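Below: the structure, in structure tokens.
Protein chains: 2
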Amino acid sequence: MAKAINENTALIEALFDIFRNHGYEGTTISLLSEVTGLQKSSLYHHFPKGKEDMLKAVVGFVSEKIHQHVITPLLDEEVNPEKRFSNLIATITRFYSDGRKNCLLNVLNLGDTKVEINKLQNDDYIAWLNALIQLGKDAGLDEPEAKNWAERFLVIVEGALVIQRLTNDLQTFERHMECEKKLFSQFSGQQ
Amino acid sequence: MAKAINENTALIEALFDIFRNHGYEGTTISLLSEVTGLQKSSLYHHFPKGKEDMLKAVVGFVSEKIHQHVITPLLDEEVNPEKRFSNLIATITRFYSDGRKNCLLNVLNLGDTKVEINKLQNDDYIAWLNALIQLGKDAGLDEPEAKNWAERFLVIVEGALVIQRLTNDLQTFERHMECEKKLFSQFSGQQ
DNA sequence: TACAATATAACGAACGTTCGGTATTATGTC
DNA sequence: GACATAATACCGAACGTTCGTTATATTGTA
Numbered sequence: 270m271a272k273a274i275n276e277n278t279a280l281i282e283a284l285f286d287i288f289r290n291h292g293y294e295g296t297t298i299s300l301l302s303e304v305t306g307l308q309k310s311s312l313y314h315h316f317p318k319g320k321e322d323m324l325k326a327v328v329g330f331v332s333e334k335i336h337q338h339v340i341t342p343l344l345d346e347e348v349n350p351e352k353r354f355s356n357l358i359a360t361i362t363r364f365y366s367d368g369r370k371n372c373l374l375n376v377l378n379l380g381d382t383k384v385e386i387n388k389l390q391n392d393d394y395i396a397w398l399n400a401l402i403q404l405g406k407d408a409g410l411d412e413p414e415a416k417n418w419a420e421r422f423l424v425i426v427e428g429a430l431v432i433q434r435l436t437n438d439l440q441t442f443e444r445h446m447e448c449e450k451k452l453f454s455q456f457s458g459q460q
Numbered sequence: 270m271a272k273a274i275n276e277n278t279a280l281i282e283a284l285f286d287i288f289r290n291h292g293y294e295g296t297t298i299s300l301l302s303e304v305t306g307l308q309k310s311s312l313y314h315h316f317p318k319g320k321e322d323m324l325k326a327v328v329g330f331v332s333e334k335i336h337q338h339v340i341t342p343l344l345d346e347e348v349n350p351e352k353r354f355s356n357l358i359a360t361i362t363r364f365y366s367d368g369r370k371n372c373l374l375n376v377l378n379l380g381d382t383k384v385e386i387n388k389l390q391n392d393d394y395i396a397w398l399n400a401l402i403q404l405g406k407d408a409g410l411d412e413p414e415a416k417n418w419a420e421r422f423l424v425i426v427e428g429a430l431v432i433q434r435l436t437n438d439l440q441t442f443e444r445h446m447e448c449e450k451k452l453f454s455q456f457s458g459q460q
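Those protein sequences? They're chains A and B, same order as listed.
According to our numbering, the first sequence is numbered sequentially starting from 270.
According to our numbering, the second sequence is numbered sequentially starting from 270.
Here it is as structure tokens:
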């Protein structure tokens, strides 16, 4: 049973890796078949409703990851704000493979995005944003300051991924995360 | 003759609008045909080598636009730095339709990006970045400060577009541009 | 035997592309 | 100016391929 779960998550992780790299239109069943080692029909056994179902599974899987490894730790008041923030950066640095992997939030919202998918992703974004705002306030920012800072941080995360992908400069993401860390400890230290 | 040029640029602008909205894989010849009002075979008359040729034309077109309306004005020493910067923001706000339109730099560098396209885009990015660095120095920043600021600004532009597309909050882009304007006038004023 | 998982083979639809041919416009010649 | 010629722009129909999907068959496991 546990093995089955692991196999399933391994499968979904493989799908995730393709979707985040190629986008929805760029991801073909043939490609998913190659990467997973499963025949196309075997993929349809796991996801009877097809490609869109696979994407939904991936989005749900990522959503769980975000809540578990990003949002919950962000709200853990037993850890001091600065440590929480540096933990966050460590987590997302891993999650984006030092900026070499794309963000689903960026890749999927092109063209005629499925409304349902967009809604799921927007919910995750809002949850992440709110957790960041709370962290900002815990670090001494007032409400509007915290809102500005939180949104700005996520903007920089997404932007840094875009620029790194464009330039292939593998330090881009790290550079901007370091910069954010410094900024945070500035107003965190003033408290 | 002039009319022909206009028609051609109108055609390319239509293609541009589709590519930036749907990405390369998401853009189909049928869709381009619908939007331009030309039959598929007529599109092949203008771009005999097909879809990739259309993309190259679009990328070249945008590249020209960038040099003409972004880079050249950025380097115009007859205009004071703060004015140059606010002009830049006005230009790109128009270019991205207040953040409702995507950036090709983001949309095209997915999956198996054609190396050639990536190189063209990277060149434009570097040119833009260098012009910004020069502007930063003109505004009183030293070299490393200017470099950090310039890259950060472009990161925020790309990131704000991503977040606005995700949340559908039409003020996102404007908000961050205003923020950047304030930041610029701060260190520009210190000079 | 039963049932889940994988595989083979095939499906219609849509993909990017090509072809033969028709308007439309520009050029040359009288 | 008039008219044949050439070049350009456009079109409808079809091409071969790949898409996402499904029907049927085989394997592994309990």
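Glycine included, each C-beta is placed from N, C-alpha and C at the ideal position.
A quick note: this is a predicted structure, and the numbers were derived from the prediction, not measured.
Quick one, which of the options has its alpha-carbon nearest residue i's?
i, options, result
"ALA419 (chain A)", "A:VAL431, A:TYR394 and A:GLU443", "A:TYR394"
"GLU321 (chain A)", "A:THR297, A:LYS334 and A:GLU333", "A:THR297"
"PRO413 (chain B)", "A:SER355, A:ARG444, A:ARG421 and A:LEU377", "A:ARG444"
"LEU401 (chain A)", "A:LEU357, A:ASP367 and A:GLY306", "A:LEU357"
"LEU346 (chain A)", "A:LYS406, A:ILE386 and A:ILE335", "The identity of residue 346 (chain A) in the sequence shown is Glu, whereas the question assumes Leu. Here the closest residue by C-alpha is A:LYS406."
"ALA326 (chain B)", "B:VAL426, B:GLN459, B:PRO342 and B:ALA279", "B:ALA279"
"ASN277 (chain B)", "B:VAL348, B:SER311, B:LYS416 and B:PHE422", "B:SER311"
"TRP397 (chain B)", "B:THR362, B:ILE361 and B:ILE340", "B:ILE340"
"GLN403 (chain A)", "A:GLU303, A:ASN417, A:ASP392 and A:THR362", "A:ASN417"
"HIS336 (chain A)", "A:GLU427, A:GLN459 and A:ASP392", "A:ASP392"
"PHE364 (chain A)", "A:GLN455, A:LYS334 and A:GLU351", "A:LYS334"
"GLN459 (chain A)", "A:GLY409, A:THR360 and A:VAL331", "A:GLY409"
"LEU344 (chain A)", "A:ASN399, A:ASN437, A:GLU385 and A:THR436", "A:ASN399"
"THR362 (chain A)", "A:PHE456, A:SER457 and A:THR441", "A:THR441"
"GLN455 (chain A)", "A:PRO350, A:LEU301, A:LEU307 and A:SER302", "A:PRO350"
"VAL384 (chain A)", "B:LYS388, B:THR436, B:THR360 and B:ALA415", "B:THR436"
"LYS388 (chain B)", "B:SER332, B:SER302, B:HIS315 and B:GLY306", "B:SER332"
"HIS253 (chain B)", "B:THR360, B:LEU301 and B:VAL348", "Only positions 270 to 460 of chain B appear in this structure, which leaves residue 253 (chain B) out of reach."
"SER457 (chain B)", "B:LYS352, B:ILE425, B:THR382 and B:VAL424", "B:LYS352"
Taking C-beta pairs closer than 8 Å, name the residues in chain A that residue i reaches, listed in chain order.
i, result
"GLY292 (chain B)", "GLY292, GLU294, GLY295, LEU379 and GLY380"
Determine the chain B residues that contact residue i at a beta-carbon separation under 8 Å, and present them in chain order.
i, result
"GLU427 (chain A)", "GLU427, GLY428, VAL431 and ILE432"
Given residue i, which residues of its chain have a CB within under 7 Å of its CB, disregarding the five upstream and five downstream residues?
i, result
"ASN371 (chain B)", "ARG289, ASN290, LEU430 and ARG434"
"TYR293 (chain A)", "LEU324 and LEU377"
"VAL304 (chain B)", "ALA283 and ILE287"
"SER302 (chain A)", "GLN308, LYS309 and LEU312"
Determine the chain B residues that contact residue i at a beta-carbon separation under 9 Å, and present them in chain order.
i, result
"VAL348 (chain A)", "Within 9 Å Cβ-Cβ: nothing; VAL348 (chain A) doesn't reach chain B, min ~27 Å."
Name the chain A residues that come within less than 7 Å of residue i, Cβ to Cβ?
i, result
"VAL376 (chain B)", "LEU379"
"LEU435 (chain B)", "LEU374, ASN378, GLN390, ASN391 and TYR394"
What does residue i reach in chain B if we use C-beta pairs closer than 7 Å?
i, result
"LEU423 (chain A)", "ILE432"
Can you list the residues of chain A that residue i reaches, using a CB-CB cut of under 9 Å?
i, result
"HIS445 (chain B)", "GLU420, ARG421 and VAL424"
Can you name, in chain order, every residue of its own chain whose Cβ lies under 8 Å from the Cβ of residue i, other than the five neighbours on each side?
i, result
"LYS450 (chain B)", "PHE354, SER355 and ILE358"
"TYR313 (chain B)", "GLY319"
"LYS272 (chain B)", "Legend: pLDDT at LYS272 (chain B) = 32, less than 50; position of this residue unreliable, no value from coordinates given."
"LEU439 (chain B)", "ASP367, GLY368, ARG369 and GLN433"
"ASN375 (chain B)", "GLU427, LEU430 and VAL431"
"ILE281 (chain A)", "ALA326, VAL327 and PHE330"
"SER299 (chain A)", "LYS309"
"ASN275 (chain B)", "With a pLDDT of only 49 at ASN275 (chain B), under the threshold of 50, the placement of this residue in the model should not be trusted; the figure read from the coordinates follows. Contacts found: none."
"GLY241 (chain A)", "There is no way to answer for residue 241 (chain A), as the model of chain A reaches only from 270 to 460."
"PHE422 (chain A)", "LEU401 and GLU449"
For residue i, I'd like the list of residues in its chain whose CB is within less than 6 Å of its CB, leaving aside the five on either flank, ordered along the chain.
i, result
"PHE453 (chain B)", "PHE354"
"MET446 (chain A)", "ILE358"
"PHE285 (chain A)", "VAL327"
"MET270 (chain A)", "At MET270 (chain A), the pLDDT of 28 sits below 50, so the modelled position is not reliable; the number obtained from the coordinates is stated separately. Excluding residues within five positions, none has a Cβ falling inside 6 Å."
"GLN390 (chain B)", "LEU374"
At 4 residues or longer, and completely inside the stretch 303-358 of chain A: list those alpha helix (DSSP H) runs for me, N to C. 309-315 and 320-335
Please go through the stretch 350-435 of chain A and give each complete alpha helix (DSSP H) segment of 4 or more residues, from N-terminal end onward. You should have 350-364, 373-376 and 384-407.
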